[in-house]
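Enquirer:
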Amino acid sequence: MKFQITAILPLLCLSVISCIDDDKCDCCGKDSEEMKSVSFKGGINSAYSVKSSKTIQAGIRAVILAYESGDNPVSKSCYPATPLPVVSDQSGNLVIENESPLFMPVGNYDFYAISLNSDNREKFKFDAGKLEGLTNGTDYLWATKKEIVIKNSTNVTFDFTHKAVAIELDLFAGNGIDSLYVTTILTSMSKDGGELLLSSGEISPSLALSSMMIKVDVINNTCRWIMLPLSGISELPIIIEAILQKGDGVESKRFASALPIVNKNYTAGRLYKYLIQVEADSLSFCNTAVSEWAGISLDNIIVREQ
């Protein structure tokens with residue numbers, strides 16, 4: 517069971533946007549009294565421990581799928597009018613892109629939503645309840661609302677969570693260095709090609725590193741990037757290029773090192789912060805903090821292949 521959609525597709529009562537080729541949407545032919553309007557809203561968990569959330573920013577595109585309550589997306593087809601491309605407005609409402617309302621029969625449903633946390637009109641490729649072809653540098657968001665009873669007009673609010681991994685490096689000058697200017701950071705990443713399981717939001721961790729080093733932008737001696745979960749690897753190779761000022765002298769240095777990976781795993785939905793001291797001839801890893809990646813903005817992330 518395969519299909520591919522693009523987020524700019526209009527909502528049509530046609531089998532072309534259904535989960536399987538022979539699905540037929542009969543929603544337009546039913547008695548309107550049996551059909552109830554369904555709308556959507558989205559937020560991002562901002563403090564995981566208390567389950568609070570903030571409204572998702574405007575212009576973020578997502579795709580919504582609906583199933584009969586209890587159906588397993590791996591083996592069951594989604595509701596014929598879905599997958600449904602939506603975009604967030606200023607109030608966090610997830611608006612169907614052609615502004616046509618969604619009507620569904622009275623019943624119990626499970627809803628799922630996936631976003632790349634961007635305004636890009638990306639393609640989503642699903643197969644047997646999985647989002648395929650995952651890549652580094654993408655902030656995958658996932659949410660679900662299950663056992664939603666639709667017997668009147670209903671608004672479904674999603675609380676999105678981050679499902680990739682965020683890494684942050686903060687570098688500072690060590691003893692004997694008056695000024696530090698980090699110019700370039702190259703890093704290995706997880707090997708691309710993972711899958712996200714629609715039913716749980718779980719991303720299958722990569723078991724290998726990318727074959728090429730990736731360049732990430734540095735701002736004020738800090739850099740951040742997003743990558744797929746990683747398992748079974750003890751170190752993440754990095755290269756740091758910096759300009760060191762010592763008294764009246766200025767020197768360019770290139771450090772080849774590796775980030776220690778806690779328990780040989782970069783776990784989905786976590787933010788890993790490394791504090792690194794730059795010495796004249798070496799790097800010192802002072803602290804590694806691991807926290808839930810919840811509502812923490814990672815703006816200005818640029819990833820380039822070298």
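Note that my numbering has the sequence shown beginning at 517, numbered continuously upward.
Quick reminder that beta carbons are idealized off the backbone N, C-alpha and C, glycines included.
#1: Who pairs with asparagine 671 in a beta bridge, going by DSSP?
#2: Mapping DSSP to helix, strand and coil, what is valine 778?
#3: In the DSSP assignment, what residue or residues form a beta bridge with asparagine 636?
#4: Helix or strand or just coil, what does DSSP make of glutamate 550?
#5: If you drop the 5 nearest sequence neighbours on each side, which residues of the same chain put their C-beta closer than 6 Å to that of isoleucine 683?
#6: Is the region 748-759 in contact with the region 770-781, if contact means three or more CB pairs nearer than 8 Å?
#7: Does the region 787-803 come within contact of the region 708-721, defined as at least 3 CB pairs closer than 8 Å?
#8: If we ignore side chains and look at the alpha-carbon of each, how far apart do asparagine 652 and glutamate 550 end up?
#9: Going along the chain, which residues of its own chain have a beta-carbon closer than 6 Å to the beta-carbon of threonine 700, five neighbours each way excluded?
#10: Alpha carbon to alpha carbon, how far is lysine 667 from cysteine 543? Give it in angstroms, no decimals.
#11: For threonine 824, which residues in the same chain have their Cβ closer than 6 Å to its Cβ, ignoring the five residues on either side in sequence?
#12: Is isoleucine 580 closer than 9 Å to threonine 598 when the C-beta atoms are compared?
#13: Within 10 angstroms of its Cβ, does isoleucine 759 collect 16 or more other Cβ (buried), or is it exposed?
#14: Helix, strand or coil for glutamine 873 per DSSP?
#15: Could you give the residue range of the beta strand (DSSP E) that holds aspartate 626?
#16: For tyrosine 697, I'd like the list of residues in its chain whose CB is within less than 7 Å of its CB, leaving aside the five on either flank, ordered along the chain.
#17: Tell me the residue span of the beta strand (DSSP E) that contains threonine 651.
#18: Mind checking which residues open and close the beta strand (DSSP E) that includes isoleucine 735?
#19: Helix, strand or coil for tyrosine 656 per DSSP?
#20: Does the distance between the C-beta of serine 750 and the nearest non-hydrogen atom of the ligand GTP fall short of 8 Å?
#21: Grab me the residues of glutamate 767's own chain with a C-beta within less than 6 Å of its C-beta, minus the 5 sequence neighbours each way, in chain order.
#22: May I have the straight-line CA-CA distance separating valine 806 from cysteine 739, to the nearest angstrom?
#23: By DSSP's criteria, lysine 769 is part of a beta bridge. Which residues make up the other side?
#24: So if DSSP puts glycine 710 in a beta bridge, which residue, or which two residues, is it bridged to?
#25: Please report the distance separating the alpha-carbon of tyrosine 595 from that of lysine 731.
Expert: In terms of the structure at hand:
#1: Paired residue(s): Ser555.
#2: Residue state, collapsed to three classes: helix.
#3: None, per the DSSP bridge assignment.
#4: Three-state DSSP puts glutamate 550 in a helix.
#5: Around isoleucine 683: Trp741, Tyr788.
#6: Yes: the two stretches touch, three or more of their Cβ pairs being nearer than 8 Å.
#7: Between the region 787-803 and the region 708-721 there are fewer than three C-beta pairs closer than 8 Å, too few to call the two in contact.
#8: Answer to the nearest angstrom: the Cα atoms are 44 Å apart.
#9: Only Glu757 meet the Cβ criterion.
#10: For cysteine 543, the pLDDT reaches just 39, beneath the cut-off of 50, and the residue's location in the model is therefore unreliable, leaving the point undetermined.
#11: In the structure displayed, the chain extends from 517 to 822; residue 824 sits before or after that span and is not available.
#12: The Cβ atoms of threonine 598 and isoleucine 580 lie closer than 9 Å to each other.
#13: Per the 10 Å Cβ criterion, exposed.
#14: This structure cannot speak to residue 873, because the chain is shown only from 517 to 822.
#15: Counting along the chain, the beta strand (DSSP E) containing aspartate 626 begins and ends at 623-631.
#16: Hits under 7 Å: Ala758, Ile759.
#17: Judged by DSSP secondary structure, threonine 651 falls outside any beta strand (DSSP E); it is assigned neither H nor E.
#18: Segment: none, isoleucine 735 is in no beta strand (DSSP E) and carries neither H nor E.
#19: If DSSP states are grouped into helix, strand and coil, tyrosine 656 belongs with coil.
#20: Ligands in the displayed structure: none, and consequently the ligand GTP is not present.
#21: When the five nearest sequence neighbours on each side are left out, the beta carbons in the same chain lying within less than 6 Å of the beta carbon of glutamate 767 are those of Leu760, in order along the chain.
#22: Straight-line measurement puts the Cα of cysteine 739 at about 16 Å from the Cα of valine 806.
#23: Secondary-structure assignment with DSSP links lysine 769 through a beta bridge to Ala758.
#24: Leu650.
#25: Each residue's alpha carbon lies about 42 Å from the other.
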